[in-house]
Each structure stands twice: as structure tokens, then as C-alpha cells.
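Numbering (the UniProt record's numbering), first residue to last: 1 to 592.
Here a beta-carbon is modelled for each residue, glycine too, at the ideal position from N, C-alpha and C.
Notes for the one structure printed next.
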């Protein structure tokens with residue numbers, strides 16, 4: 001089996017595959033949000049500490065297991081112990097859930113990329129109403145970028161209970177996204193190994209271009225100052241540390257089985273310790289680098305909105321009080337407002353309700369993550385740039401590369417255990433297995449192109465993996481250290497690489513990392529319990545904004561099934577092995 005197993009062409013190809021998988025959309029649209037929420041530069045303190053005590057050790061553990069066992073997640077953990085086959089199955093289930101919805105982001109990126117060639121950009125202005133007497137009311141109450149996202153892209157329904165029909169344009173983009181993924185994985189490591197050079201390197205080229213452009217934008221320094229000004233009081237906030245640990249955990253893609261699958265195609269003598277350190281550092285450095293780019297864009301957008309607000313107030317007061325042009329400026333606005341309020345109290349009281357409260361700080365503090373950052377905030381900034389079509393094409397091309405790179409790892413986590421199976425591979429060639437997996441995910445993914453699809457997308461994004469992955473990685477760590485045996489695993493690593501395991505890795509695997517995972521699990525569980533009714537954000541077209549609603553019973557049932565479907569694989573796998581072994585021995589005693 002080992003002699004015929006395909007291998008990466010070079011160790012560098014493996015590193016690029018890991019970087020392409022780990023560096024994804026979360027680096028661009030979640031890490032900047034966490035910096036914004038938890039003290040700017042001070043958030044880097046818990047983030048780096050969690051990288052050292054959690055991210056790097058757990059990444060090394062998964063790479064070492066994959067390289068040692070030379071199988072996908074199911075076979076690898078079955079080799080560690082027959083009672084652990086459920087751990088691998090749980091990883092495959094979570095990866096399948098992830099593939100079902102994650103490629104929808106690539107479909108949306110394709111949709112925006114195709115529209116980026118229009119002049120003007122279709123999200124830059126509100127469309128006219130049916131009578132052509134003004135703009136569509138929903139767009140006027142929201143904004144042109146929000147309208148294009150919620151109405152033109154999603155055609156979103158008022159609630160999750162109103163499913164609506166499949167939107168054919170996003171559906172075609174989803175088919176295209178899956179076709180691209182299939183072509184990339186068609187020949188296994190041979191085709192994937194070539195693609196990862198592009199999916200790993202080109203996003204950095206785009207980020208560098210965006211950095212140069214971002215730093216030259218008016219107001220960029222306001223955003224960078226906001227990011228790097230530390231709020232040290234946030235270091236006493238436990239949520240800052242919890243979110244730092246969570247970001248490291250999910251950003252590296254731990255628990256999905258993708259890293260184990262990638263490492264299984266390595267030469268046994270590969271220095272996976274060095275590669276774990278390299279991938280961890282590059283992943284975290286990318287998050288910080290992407291944040292610098294994002295906050296320069298934040299600063300430009302916030303400054304643009306702030307100055308636009310000031311100009312509207314100045315124009316309003318100038319016209320209302322017949323002031324000379326140029327008399328009222330941004331520098332003397334507050335003084336003139338005070339003067340007008342005291343000199344013309346009656347007239348000022350009439351005008352006052354129309355005066356907006358303009359604040360640069362408030363604009364900078366507006367925290368957005370996920371699709372809101374990618375498809376609303378960034379597009380809001382892009383539409384105000386010169387040659388906006390160019391910047392839009394570059395941005396959504398980068399999103400596509402990041403998304404496709406992550407999808408290569410997600411699909412590998414499913415395909416490797418399937419192609420390792422003698423039963424399946426004896427009936428179907430590798431290309432057919434890949435095609436069936438892509439086809440099944442694409443068909444199920446059509447759910448997310450319906451009018452209520454984005455609500456289901458949020459459910460899968462929030463609940464399909466969080467608790468499950470924590471349990472999976474905890475089971476992996478405990479299995480290696482206390483079932484397989486840390487000293488035995490250390491001997492295996494030394495036999496493979498010729499390097500002894502130092503005290504740092506032993507301390508992290510044996511105590512620090514498992515305790516940290518348990519703490520995260522308890523936090524998430526208590527947070528769900530204390531929250532009570534689970535809620536979601538629904539789009540209210542009449543108000544042109546998001547409103548909070550309670551999930552209906554059928555949505556809560558799906559959430560429960562998503563969590564249970566993967567987590568229950570672990571005990572059920574162990575129970576199935578126990579029953580099978582007892583039956584083979586002819587033992588009819590009841591299972592305790």
C-alpha cells in the first residue's frame with residue numbers, strides 16, 4: 001500500500017498545499033474584525049500566545065499523525081486504535097458539511113467578479129424605481145452596496161421560514177465553482193500540487209497591490225492608527241483570549257482531516273515539525289498583513305463617509321441660514337452650530353432634526369465580519385476608488401483564490417479516506433469518486449441559492465463545525481498521548497525523521513493544549529445555554545436594515561442534527577468496534 005501511494009512532487013509542494021488550505025477567507029474577513037473588537041494592537045498579545053500554546057502544537061500533531069500512518073483521517077485513527085475510527089468519520093462528516101456551504105462563497109465571488117467589469121459598478125448607485133421618478137425605496141433606506149447584496153445577489157426572503165425559489169444566477173455560479181474545484185482535484189496530488197502554487201502565491205500578490213493602493217488612499221492613516229493603537233484594558237477581557245484561541249484553531253483548519261490527508265502523501269522522512277512551524281507562522285503573519293490592508297481600506301471608507309456627512313451638514317446649514325459659501329467649514333462647524341443655536345433658536349430647532357451627528361470614531365468602530373465585510377464594506381470602499389473596476393476585479397479574484405485553495409483541503413479530507421478504502425476504490429476510479437463527491441455537494445448546495453439560502457448558510461457556518469471540531473481535536477490529542485502513548489509516538493517520530501521530540505511539544509500535547517480545548521468547549525457550551533433562544537439576523541426590506549428574529553423549531557432541529565451528526569460518530573464508532581470484537585469472540589454478555 002505504501003509503495004503505490006502517490007506522493008507530493010517536492011516537500012515545497014506540500015507546504016504550499018498546507019498554506020493554500022490554512023490561509024483562507026477567515027484571515028481576511030474575521031481576524032481584522034477581532035482586532036477591531038478587542039483592542040487593536042493589544043489583541044495581538046493573546047493571539048500570539050495562543051499560536052504558541054495551541055495552534056502550532058496541534059498542527060504538528062495532525063501532520064505527524066498523517067505522515068506516520070500514511071492514510072486519511074479514518075484509516076489513520078483506526079490504526080492508532082480500532083476504537084477511534086469514529087474520530088476519522090467525524091472529521092469526514094464535518095468536512096462534508098463545510099464543503100456543502102463553503103463553495104457558495106466562491107459562487108458569490110464569481111458573481112461579483114463578473115459584475116466587476118461593468119461601468120459604473122452595479123452596486124455603486126441605486127436603481128431607478130418603476131416610474132423612473134426616483135430611486136427604489138429599499139435601496140434609498142439601506143445603501144447601494146447593501147441593496148445589491150441583499151436584493152440583487154441573494155434576493156433574500158424576509159425570514160428563514162419563507163424559502164422561496166432557487167435563484168438561477170447564483171446557482172449557475174455555484175455549478176461553475178464546483179466545476180473549477182473538480183478540475184483542480186481530478187488527478188489527486190498531481191493536479192492539486194500544481195494548482196496550489198497559484199492559490200497560495202497569487203493572493204499575496206493581490207494583497208501587496210492592495211496594500212500599496214490602500215496606503216495611498218485618503219484617510220488610510222486613520223484606519224491604521226485605529227488598528228495599532230492598543231487598548232490594554234482588553235487584555236483583562238476573557239472573550240479577547242477565547243476569540244484569539246478560536247481564531248487560531250479554525251484558521252489553521254484543525255480537526256477537519258485535511259492536514260492529515262495532505263501529510264499522508266509525504267515521504268516518511270519528511271521534517272513535518274519544521275513545516276508545522278513554517279505554516280503556522282505564515283498563516284498568522286498573513287492575518288496581520290491582511291489586517292493592515294483591511295484597516296487602510298477601513299480608514300478610507302470611514303473618512304469618506306465622515307467627510308460626506310460633514311459636507312451634507314454644512315450644505316444644510318448654509319442653505320437654511322443663507323450663509324456665504326465658504327463661511328462654514330469642517331474646522332469651525334461646531335462653533336457656528338453653537339452660534340446659530342443661540343442667535344436663531346426657533347429656526348435652529350426646526351433644522352436640528354435634519355442635522356446628522358458626524359463622527360469619525362463611530363465610523364471606525366463599526367465592526368463587520370464575514371460576508372458583510374467581503375461583499376458590503378469592501379465594495380462600499382471600492383466604488384469610491386479611482387478605476388474602481390480594476391480594484392474590484394483584483395479583490396474578487398483574490399477571494400476566489402483563497403476560497404478555492406481552502407476547498408482543495410476540504411475535499412481532500414473527504415476523498416482521501418474514500419480512495420484509501422479498498423471496497424470503494426475497487427469499484428470506482430479516483431476520478432469518478434471525486435466527481436460524485438463534487439456532484440453531491442453541488443446538488444445539496446443549491447439550498448443556499450434559494451431566497452432563504454443565506455440564513456441556512458449562517459446556520460451551517462455557525463453550528464456545523466464549532467463544537468464538533470473541539471471534540472474531534474480533543475479526542476485526537478488524548479488518543480495520541482494517552483491511548484497510543486506519547487513515548488511510543490515519540491519513538492515513531494524519531495524513527496521517521498531522526499529527530500527527538502523536545503519538551504515543548506510534549507508539554508503542549510500532554511497538558512496545555514487539551515486543557516485549553518476543554519476550556520473553549522465549556523465556554524461555547526455555556527454561551528449557547530446562557531443565550532437561551534438562538535436568533536438570526538433577517539433582512540427587513542421595508543426598513544432597509546437587518547432585524548433580529550428567533551429561529552423557528554425546524555431550524556433549531558437542523559442545528560441540533562448538525563452538531564449531533566458529527567459528534568456522535570466518536571462514541572458510536574467506539575461502541576461499534578466493541579460490539580464487533582465481542583461478537584467475533586462469541587461473547588454474548590451485554591455491553592456495559
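- By the Cβ rule, the segment 93-106 counts as touching the segment 451-468, because three or more pairs are nearer than 8 Å.
- In this structure, 495 is the residue among 359, 344 and 495 with its C-alpha nearest to the C-alpha of residue 269.
- The residues 508, 512, 513 and 516, in chain order, have a CB closer than 8 Å to that of residue 53 in the same chain once the five nearest residues on each side in sequence are set aside.
- For the options 362, 292, 464 and 78, the alpha carbon positioned closest to that of residue 40 is the one of 292.
- DSSP, reduced to helix, strand and coil, places residue 548 within a strand of the structure shown.
- Nearest to residue 229 by C-alpha distance, out of 106, 10 and 38, is 38.
- Contact between the segment 308-320 and the segment 337-355 is established, with three or more Cβ pairs separated by less than 8 Å.
- One alpha carbon belongs to residue 285, the other to residue 578, and they sit about 45 Å apart.
- For residue 407, the number of other beta carbons within 10 angstroms of its own is at least 16, and it is reported as buried.
- Residues of the same chain with a CB within less than 7 Å of the CB of residue 397, apart from the 5 flanking positions on each side, are 113 and 206 in chain order.
- With 16 or more other Cβ atoms inside 10 Å of its own Cβ, residue 110 counts as buried.
- The alpha-carbon separation between residue 278 and residue 60 amounts to approximately 10 Å.
- Across the structure, residue 519 and residue 342 are spaced so that their CA atoms are roughly 58 Å apart.
- Nearest C-alpha to residue 107 among 92, 470 and 375: 375.
- Residue burial is scored here from C-beta neighbours: residue 66 has at least 16 other C-beta atoms within 10 angstroms and is therefore classed as buried.
- The Cβ atoms of residue 17 and residue 262 lie closer than 8 Å to each other.
- The C-alpha of residue 240 is placed about 24 Å away from the C-alpha of residue 360.
- Scanning 22, 483, 63 and 545 for the CA closest to the CA of residue 200 turns up 22.
- Every unbroken stretch of the alpha helix (DSSP H) spanning 4 or more residues and falling wholly within the segment 172-225 is given here in chain order: 189-215.
- Check the Cα spacing between residue 536 and each of 246, 523, 556 and 209: the tightest is with 556.
- If the five residues before and after residue 157 are omitted, its C-beta is found closer than 6 Å to the C-beta atoms of 164, 451 and 452, all from its own chain and listed in chain order.
- For residue 470 and residue 84, the gap between their C-alpha atoms comes out near 16 Å.
- In this structure, 539 is the residue among 544, 539, 582 and 565 with its C-alpha nearest to the C-alpha of residue 161.
- By the Cβ-count criterion, residue 500 is exposed, with fewer than 16 other Cβ atoms from all chains shown falling within 10 Å of its own Cβ.
- Rounded to the nearest whole angstrom, the CA to CA distance from residue 250 to residue 192 is 22 Å.
- The beta carbon of residue 202 sits closer than 6 Å to the beta carbons of 401 from its chain, once the five residues preceding and following it are set aside; these are given in chain order.
- Per DSSP, reduced to three states, the secondary structure at residue 93 is helical.
- In this structure, residue 383 places its C-beta atom within 8 Å of the C-beta atom of residue 145.
- In this structure residue 298 is in contact with residue 364, their Cβ atoms being roughly 7 Å apart against a cut-off of 8 Å.
- The beta-carbon distance between residue 232 and residue 42, rounded to whole angstroms, is 5 Å. This is short enough to meet the 8 Å contact definition.
- About 7 Å separates the Cβ atoms of residue 275 and residue 63, confirming a contact at the 8 Å cut-off.
- Annotated as distal: residue 523 and residue 467, with beta-carbon spacing of 8 Å or more.
- For residue 505, the enclosing alpha helix (DSSP H) has its first and last residue at 503-507.
- One Cα belongs to residue 147, the other to residue 322, and the distance between them is close to 36 Å.
- For residue 412, the uninterrupted alpha helix (DSSP H) run begins and ends at 388-420, by DSSP.
- DSSP, read as helix, strand or coil, puts residue 45 in helix.
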